[in-house]
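Residue numbers (my numbering): 132 to 571.
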Ligand SMILES: Cc1cc2nc3c(=O)[nH]c(=O)nc-3n(C[C@H](O)[C@H](O)[C@H](O)COP(=O)(O)OP(=O)(O)OC[C@H]3O[C@@H](n4cnc5c(N)ncnc54)[C@H](O)[C@@H]3O)c2cc1C
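Have a look at this one:
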């Protein structure tokens with residue numbers, strides 16, 4: 132992966148105009164170089180990576196700063212939804228992405244509670260009626276590779292942003308710690324795509340409104356056998372919930388626990404956890420012994436939040452930085468990428484013209500805020516009415532007759548798949564690039 136392109140560096144003649152309070156790198160290190168670009172994107176996750184690609188295809192200069200040295204992430208979202216596949220199709224990249232190793236989830240069921248699949252993507256009217264389970268690292272590597280074909284794109288790995296450059300109340304770039312010292316990037320627009328613990332958001336003084344979902348998730352893997360059922364499923368039993376996602380030769384499993392109860396689960400011991408897993412999915416009895424060490428489990432502290440205003444002069448927040456989503460429905464990546472597409476649709480022309488105003492930034496928020504709030508509302512409802520109920524060992528999980536009836540009506544039956552697959556409304560790529568292909 133590419134690191135610093137020193138040949139593109141121009142020493143900044145106006146460096147002295149940056150207030151010392153915001154340009155000091157740690158330990159008062161001198162800045163090794165100052166880069167100039169039109170758009171500086173912080174965070175090489177799904178949102179930042181796709182937005183970088185779409186802007187670079189439009190001939191807009193982009194520098195993408197990613198704190199980590201690679202894209203390797205265990206148990207991050209690996210779900211590529213129908214809406215994202217359609218977006219990739221519009222960018223002419225879906226077929227190549229689907230060449231990467233993946234599995235397809237066409238249905239998700241709640242066996243023991245509802246007879247038919249609760250979510251059936253195969254009925255969606257799309258070329259891609261499934262969720263592709265594709266390792267996020269592979270997906271990001273691919274998009275980064277595509278973006279690097281454009282001369283306007285510059286990716287800097289191991290670039291940890293720690294300061295904002297603020298002049299006359301406007302964010303004019305960032306300072307970051309690289310592998311070999313401190314650097315700065317000056318830009319017309321800075322995009323915070325640095326995830327749910329966004330440093331840029333904090334530095335800009337934007338506070339997220341947090342809601343507290345009642346659960347955390349322990350992710351782990353067990354072998355999958357060809358005779359096992361396909362797709363995704365969730366099972367409730369005795370105050371526990373297990374989510375199982377088909378990854379061909381492994382099951383990706385999510386053991387849902389009460390928020391903050393991990394230490395209790397741990398104190399009860401691995402044997403107790405294994406027993407609970409078998410109660411939830413008896414078919415795993417012959418392989419649950421593979422779970423021998425707590426290091427095989429990853430704790431996801433579930434969080435849901437959103438910021439009131441997604442922008443400040445010179446700065447826009449997208450993806451998890453603007454709204455961390457609960458894992459219900461696994462829509463985090465979908466929403467992060469949809470934000471990126473809308474940002475590219477709205478901002479490409481003003482960025483090229485060098486005239487990005489607060490109105491443009493507000494337009495991105497306007498288009499994305501309603502879908503985000505609607506889905507977060509639905510997630511809260513499911514967490515409080517279904518998951519919290521299911522995690523209570525005193526309660527027996529049942530599906531009310533009215534819900535059973537509604538799920539037989541074709542239009543209603545397809546709502547969960549539509550909402551998970553596409554969100555509240557679909558997002559499409561708008562402009563054409565200079566070579567005539569569709570782009571951001
Ligand atoms: C354990 C786990 C499982 C998940 N499972 C799913 C799932 O199955 N499906 C789903 O849709 N979603 C899932 N999610 C959520 C999903 O990963 C996020 O919603 C999605 O990745 C958000 O994309 P993003 O680009 O906004 O942010 P992120 O993917 O969080 O990317 C942010 C990037 O910014 C970088 N960064 C952070 N700080 C700095 C800094 N100071 N300087 C430079 N770079 C920085 C980070 O290294 C990271 O690469 C899961 C999340 C977790 C934690």
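Idealized CB from N, CA, C, for every residue including glycine. Predicted model only: the values in this text are computed from it and were never measured.
Kindly list the residues whose CB is nearer than 7 Å to the CB of residue i, restricted to its own chain and excluding five residues on each side of it in sequence; keep chain order.
| i | result |
| --- | --- |
| residue 141 | Low confidence applies to residue 141: its pLDDT is 33, below 50, so where it sits in the model is not reliable enough to give any reading. |
| residue 607 | Here the chain has residues from 132 to 571 only, and residue 607 is not among them. |
| residue 475 | 182, 185, 186 and 571 |
| residue 359 | 414 |
| residue 277 | 184 and 224 |
| residue 553 | 213 and 214 |
| residue 257 | 213 and 217 |
| residue 388 | 346, 347, 349 and 396 |
Whose CA, out of the options, lies closest to the CA of residue i?
| i | options | result |
| --- | --- | --- |
| residue 240 | 461, 362, 306 and 553 | 362 |
| residue 448 | 522, 321 and 245 | 321 |
| residue 174 | 502, 494 and 327 | 327 |
| residue 370 | 242, 528, 545 and 498 | 528 |
| residue 560 | 164, 170, 172 and 189 | 189 |
| residue 486 | 522, 318 and 424 | 318 |
| residue 311 | 163, 385 and 293 | 163 |
| residue 417 | 356, 429 and 277 | 356 |
| residue 426 | 490, 265, 473 and 349 | 349 |
| residue 249 | 549, 489 and 276 | 549 |
| residue 246 | 547, 530, 257 and 542 | 530 |
| residue 629 | 287, 344 and 262 | No information on residue 629 is available, as it lies outside the stretch 132 to 571 that the chain covers here. |
| residue 237 | 231, 252 and 228 | 252 |
| residue 204 | 267, 262 and 242 | 267 |
| residue 377 | 258, 235, 490 and 259 | 235 |
| residue 457 | 384, 510 and 394 | 510 |
| residue 293 | 533, 160, 526 and 470 | 160 |
| residue 434 | 539, 507 and 263 | 507 |
| residue 472 | 300, 265 and 450 | 450 |
| residue 201 | 259, 220, 228 and 271 | 271 |
| residue 489 | 325, 300, 220 and 259 | 300 |
| residue 393 | 210, 364, 429 and 374 | 429 |
Apart from the five residues just before and just after residue i, which ones in its own chain have a Cβ nearer than 6 Å to its Cβ?
| i | result |
| --- | --- |
| residue 555 | 502 and 505 |
| residue 177 | 464, 467 and 468 |
| residue 323 | 173, 329, 331, 332, 448 and 452 |
| residue 155 | Summary for residue 155: the model assigns pLDDT 44, below 50, so the residue's position carries little reliability, and this model does not support an answer. |
| residue 586 | What is shown of the chain runs 132 to 571, which leaves residue 586 out entirely. |
| residue 439 | none |
| residue 254 | 545 |
| residue 494 | 477 |
| residue 269 | 231 |
| residue 390 | 345, 346 and 347 |
| residue 498 | 473 |
| residue 524 | 369 and 370 |
Who does residue i pair with in a DSSP beta bridge?
| i | result |
| --- | --- |
| residue 375 | 364 and 384 |
| residue 263 | 211 and 235 |
| residue 323 | 173 and 448 |
| residue 180 | Residue 180 is not bridged to any residue. |
| residue 389 | 346 |
| residue 284 | 193 |
| residue 168 | 318 |
| residue 305 | 295 and 316 |
| residue 431 | 348 |
| residue 240 | 364 |
| residue 437 | 340 |
I believe residue i touches residue j by the beta-carbon criterion, under 8 Å. Please report the beta-carbon distance rounded to the nearest angstrom.
| i | j | result |
| --- | --- | --- |
| residue 422 | residue 351 | 6 Å |
| residue 404 | residue 347 | That pair is no contact at about 14 Å. |
| residue 316 | residue 196 | 7 Å |
| residue 212 | residue 551 | 7 Å |
| residue 572 | residue 208 | Because the chain is modelled from 132 through 571, residue 572 falls outside the range shown and cannot be assessed. |
| residue 366 | residue 243 | 6 Å |
| residue 285 | residue 193 | 7 Å |
| residue 180 | residue 274 | 5 Å |
In chain order, what residues of the same chain have a beta carbon less than 8 Å from the beta carbon of residue i, not counting five sequence neighbours either side?
| i | result |
| --- | --- |
| residue 419 | 353, 405, 408 and 409 |
| residue 302 | 295, 296, 321, 335, 443, 444, 445 and 446 |
| residue 436 | 327, 339, 340, 341, 342, 454 and 455 |
| residue 191 | 169, 170, 283, 479, 482 and 483 |
| residue 150 | Residue confidence is low: residue 150 scores 39 on pLDDT, short of 50, so the model does not pin down where it sits. Its coordinate-derived value is still stated next. Cβ within range, chain order: 297 and 298. |
| residue 290 | 196, 197, 198, 307, 308, 309 and 314 |
| residue 137 | Here the model assigns residue 137 a pLDDT of 29, short of 50, so the residue's position is not dependable, and the following value carries that caveat. If we look at residue 137 and ignore the five residues flanking it on each side, its Cβ neighbours are 164. |
| residue 557 | 214 and 217 |
| residue 381 | 352, 353, 354 and 355 |
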